[in-house]
Amino acid sequence: MKNNVLIPVYDISAQMPGASEMPGFTIGRSLNMPAGGAVHPHRHAGFTITLLLSGQMTQYIDFEKYTVAAPAVILLAPDQVHQHGSEDSICESVYIHFDKEFLMAECQGMLNCWACIFDKRAIPVKAAQMQELMNFAGLILREYSSMRPMRDSIIRNLLNALIMACGRLPQHNVAYMQLDTAQSRMVRQFNELSDQHFRDKTQVANYADMMFVTPGHLNDTVKAAVGRTAKQVIDEKRIMEAKRLLFWGDHSVKEIAWQLNFEDDAYFNRFFKKHTGQTPVMFQRSIREKYN
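Read in full-length UniProt numbering, the sequence shown has 67 at position 67, and its numbers run on one by one without any break.
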């Protein structure tokens with residue numbers, strides 16, 4: 001597998017005060033978002049929830065510019081490319097960063113697709129909604145600063161409650177809040193595996209083998225749940241990664257084709273145009289003209 005070395009990955013939780021006390025999790029309250037190289041395009045090693053309490057913040061997430069005023073919630077998943085805007089003003093926020101492994105397995109399985117909540121990036125909220133989220137965040141902050149017994153378990157459960165509260169904010173699909181089923185477990189496992197392997201495993205059969213099911217059954221299950229076949233989901237992830245690399249870096253089409261395990265740049269060009277209607281160079285030019 002070719003590792004993604006074209007866009008740096010920052011482990012925010014390892015850089016924050018107290019990180020050594022609770023690996024994989026950190027929370028803090030600040031008048032400025034922690035930098036950690038954030039002025040440059042980067043990814044986070046884990047998930048990030050930012051509760052913007054006052055002021056205004058500009059974030060570039062993938063190909064979109066978000067300028068949000070408090071109160072608002074900003075959600076980031078590990079694969080999303082992120083950059084802080086230079087025009088940021090003084091703002092107060094609570095930031096929470098955690099690895100997926102930090103949550104207990106039973107917490108991860110409580111929702112149909114808890115990670116899907118992070119697909120929505122910047123969400124304006126009402127004061128009452130922010131107060132609800134801050135009720136959970138305040139309890140987490142209190143536990144995090146203490147050394148009382150069962151601290152880790154309490155924080156994990158409070159974090160799970162906060163994620164579910166984020167999931168019922170406007171712009172979210174209520175289907176995320178449904179209880180887990182055997183079908184959704186299969187879809188979640190496929191999504192997790194394809195997130196990890198889409199660069200080097202591009203066929204449905206690759207994932208069916210890892211999941212001990214037939215390719216046909218996997219395709220049918222994924223399509224019934226999300227409206228797209230497993231192959232379409234894999235291709236979408238390859239296209240999204242190609243778009244990120246085209247927008248955020250100065251990499252040649254040949255480099256990106258190699259990074260995504262295409263046989264050659266000609267095949268990559270055909271694949272990209274089939275799915276987007278543009279060549280990689282055309283897309284790069286149009287998206288940079290739009291946001292630069």
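Backbone N, C-alpha and C define an ideal beta-carbon position, used for all residues, glycine too.
Asked, Found
"Under the three-state DSSP convention, the category His56 falls into", "In the sequence on display, residue 56 carries Gln and not His. DSSP places Gln56 in strand when its eight states are reduced to three."
"Touch test, the stretch 154-170 against the stretch 198-213, Cβ-Cβ under 8 Å, three pairs minimum", "no"
"Three-state class that DSSP yields for Phe212 in the structure shown", "coil"
"Length at least 3, wholly inside the stretch 93-149: the beta strand (DSSP E) runs in chain order", "122-124"
"When Pro78, Ser54, Asn269 are compared against Gln196, the one with the closest alpha-carbon", "Pro78"
"Which residues DSSP lists as bridging Arg29, in chain order", "Val94"
"Anticipated Cβ contact below 8 Å, Val233 with Val222, distance rounded", "6 Å"
"Glu255 in three-state terms, based on DSSP", "helix"
"Member of Phe47, Ala70, Glu92, Glu192 whose CA lies at the smallest distance from the CA of Leu76", "Phe47"
"As assigned by DSSP and simplified to three states, the class of Glu241", "helix"
"Stretch pair the stretch 183-194 + the stretch 124-131: three plus CB contacts closer than 8 Å", "no"
"Where Pro8 falls, given that 16 or more other Cβ within 10 Å makes a residue buried", "exposed"
"Assumed close pair Ile123, Val81 - CB separation to whole angstroms, cut-off 8 Å", "Rounded, the Cβ-Cβ distance is 19 Å, inconsistent with contact."
"Tyr60 versus His42, Pro149, Ala70, residue with shortest Cα-Cα distance", "His42"
"Test item: CB-CB of Phe271 and Thr279 under 8 Å", "no"
"Close Cβ partners of Arg228 (< 8 Å) along its chain, the five nearest in sequence each way excluded", "Val222, Glu236"
"Among Lys65, Gly85, Leu162, Ile287, the one whose alpha carbon lies nearest that of Leu246", "Ile287"
"Of the residues Phe98, Ser54, Lys231, the one placed nearest Ile163, counting alpha carbons only", "Phe98"
"DSSP-derived helix/strand/coil call for Ile163", "helix"
"Residue environment, Ser93, which counts as buried when at least 16 other CB atoms sit within 10 Å", "buried"
"Thr279 - DSSP class collapsed to helix/strand/coil", "coil"
"His217 (DSSP reduced to helix, strand or coil)", "helix"
"Residues near Lys274 by beta carbon distance below 7 Å, same chain, minus five either side", "none"
"Cβ neighbours of Lys243 in the same chain (closer than 7 Å, five flanking residues each side left out)", "Phe63, Phe283"
"Residue nearest to Phe198 in terms of C-alpha spacing, selected from Ala230, Gly138, Asn135", "Ala230"
"His82: first and last residue of the uninterrupted beta strand (DSSP E) it sits in", "82-84"
"Selected residue, minimal CA-CA separation from His84, among Gly138, Asn261, Met22, Thr50", "Thr50"
"Opposing strand residues paired with Leu76 [DSSP bridges]", "Thr48"
"Rounded C-alpha distance that separates Asn3 from Gln259", "At Asn3, the pLDDT of 43 sits below 50, so the modelled position is not reliable and the matter cannot be decided from this model."
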